[in-house]
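In this note's numbering, the protein residues as written are 4 to 62.
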C-alpha cells in the first residue's frame with residue numbers, strides 16, 4: 004500500500020508497485036536493478052534515479 008510522507012505530502016510506493024505500474028512499464032528492467040526492495044519511492048525520486056542512470060557516462 005502506498006504511504007504519504009510529510010515532505011510535500013508525496014505518496015511513496017514500494018519497488019513492486021512501481022515495477023508493476025503502467026507509468027514505468029518501459030523502464031521496468033532498469034528499475035528492477037536500481038531500486039531497493041525495502042525502500043519506498045515517490046514519483047519524483049524515481050524520475051531522478053532514472054535520469055541519473057541514463058546520463059551516467061559509459062565506462
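Glycine included, every Cβ here is placed at the ideal spot set by N, Cα and C.
- Counting only runs of 3 or more residues that sit fully inside the region 12-36, the beta strand (DSSP E) segments are 14-17, in chain order.
- Taking a 10 Å sphere around the C-beta of residue 21, we find 16 or more other C-beta atoms and assign the residue as buried.
- Minimum Cα-Cα distance from residue 31 among the listed residues 15, 58, 62, 50 corresponds to 50.
- Within the DSSP secondary-structure output, residue 43 pairs in a beta bridge with 17.
- Its chain contains no residue whose beta carbon lies nearer than 7 Å to that of residue 12 once the 5 sequence neighbours on both sides are disregarded.
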